[in-house]
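Asker: Under the numbering used here, the first residue of the sequence shown carries the number 263, and numbering increases by one thereafter. Below is a structure I'd like to ask you about.
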Amino acid sequence: MRYRTIFAAALAVSFLIGGLLAYQKPFREYPAIEYYSFPLPPDSAEKTEWVFGRLIYPAVVRYARWTMDYPRSDRHFSAALRRLTRVHARSVEQPIDLDDGDDVYNWPFLYGVEVGYWNLTDAQCKKLRDYLLRGGFFMCDDFHGTREWSIFMASMSRVFPDRPVVDLDNRDPIFHTIFDLSDRYQVPGAQFLRTGNVYEHDGFEARWRGIYDDKGRLMVAICHNMDLGDSWEHADNPQYPEKYSALGFRIGVNYVIYSMTH
């Protein structure tokens, strides 16, 4: 009887995964701010257990800020996740539009870049809230200072008007899933190579923040006053300091593993 139960459970999981794959949108690419043509890896069509989901969003400016660092950053991170863990990660990212029916529910990890410029509609706020409360995970990054924080919160406070944004304690499990990240430091963007500054605007101090659900699960991981996306994007740039990419990858890996286990 025990083996029948195990077999039935395994069969149910296989049907669930198969169903998710059947309803996922196919891989797609968009024009980007920094890259107009980026070669596809030879295994880009492989079916995998994890995909880097990149949030498409409307911005307060005229051009698509969500494509910053895209797709080089995403693909470098996916390659690092493959190398540093046993997660079977797809080699290419998936741009995800909250207005695209129920597609977002098929991608449990969502990353938003330059959210200091986003401007979500009411419908998008409602969809993102529902996605997160159902078990989705949202990581946002690469926004700096008080002005960009206020623009970010103008949308996030409509996603969760009833839940506070809090600073993450060093003891939080998200900092200890794979790597022990008790000793973190500010990770700058590529502007560091020109200015020598690890900060942008008045974002002098890196802030790791988040929003929890009623069970204590971190749903939103907020990386303010840092640029992990650039640390992934420029990991193969000999001018960009290795220590920043090393920490950037470790933070991202911990966040992914947390999202898959909590």
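Glycine included, every Cβ here is placed at the ideal spot set by N, Cα and C. Small disclaimer: the values here were computed from a predicted structure and weren't measured.
Please state if the CB of I358 and the CB of L443 are separated by a distance shorter than 8 Å.
Answerer: Going by C-beta atoms, L443 is not nearer than 8 Å to I358.
Asker: Who are the near neighbours of M401 in its chain, counting only those whose CB is closer than 6 Å to its CB and skipping five residues on each side?
Answerer: Same-chain partners within the cutoff: Y373, A483, Y517.
Asker: Here's the rule I'm using: 16 or more other beta-carbon atoms within 10 Å means buried, otherwise exposed. How should S412 be labelled?
Answerer: Exposed is the call here.
Asker: For the candidate residues L394, V428, P503, whose alpha-carbon lies nearest to that of C485?
Answerer: Comparing Cα positions, the closest option is V428.
Asker: Given this structure, state the Cα-to-Cα distance separating K309 from D464, to the nearest angstrom.
Answerer: Near 43 Å, if we compare the C-alpha coordinates of D464 and K309.
Asker: Would you report the Cα separation of D361 and Q386, rounded to the nearest angstrom?
Answerer: Approximately 7 Å, taken between the alpha carbons.
Asker: Given a threshold of 16 other Cβ atoms within 10 Å of its Cβ, counted over all protein chains shown, does T457 qualify as buried or as exposed?
Answerer: It is exposed - the Cβ of T457 has fewer than 16 other Cβ atoms within 10 Å.
Asker: On the three-state DSSP scale, how would you describe P288?
Answerer: Here P288 sits in coil by DSSP.
Asker: With the cut-off set at 8 Å, would you say S419 and S353 are in Cβ contact?
Answerer: Cβ atoms of S419 and S353: not closer than 8 Å.
Asker: Could you check the C-alpha separation between S335 and H496 for me, to the nearest Å?
Answerer: Approximately 8 Å, taken between the alpha carbons.
Asker: Who are the Cβ neighbours of Q501 in its own chain at under 8 Å, not counting the five residues just before and after it?
Answerer: So the qualifying residues of the chain are L455.
Asker: Tell me whether D326 sits in a helix, a strand or coil according to DSSP, three-state version.
Answerer: It is Ala, not Asp, that sits at residue 326 in the sequence shown. Looking at A326 - three-state DSSP - the assignment turns out to be coil, as it is neither helix nor strand.
Asker: Excluding the 5 residues flanking A468 on each side, which residues of the same chain have their C-beta closer than 6 Å to its C-beta?
Answerer: Cβ neighbours of A468 beyond the five flanking positions: Q448, N487, M488.
Asker: Could you give the C-beta distance for L553 and V515, rounded to a whole number, given that I count them as a contact under 8 Å?
Answerer: Since the first residue shown for the chain is 263 and the last is 524, residue 553 is missing from the structure and cannot be characterised.
Asker: Is G374 helix, strand or coil when you go by DSSP?
Answerer: Note: G374 maps to strand in three-state DSSP.
Asker: Buried or exposed: D492, going by 16 or more other Cβ atoms within 10 Å of its Cβ?
Answerer: Buried, since its Cβ has 16 or more Cβ neighbours within 10 Å.
Asker: Between the alpha carbons of V349 and L343, how many angstroms are there, rounded?
Answerer: Using only the alpha carbons, I get a separation of about 7 Å.
Asker: Where does F441 fall in DSSP's three states?
Answerer: The answer is coil: DSSP assigns F441 none of H, G, I, E or B.
Asker: Do you know whose CA, among I473, E311, H406, R324, lies nearest P423's CA?
Answerer: The shortest Cα separation from P423 among I473, E311, H406, R324 belongs to I473.
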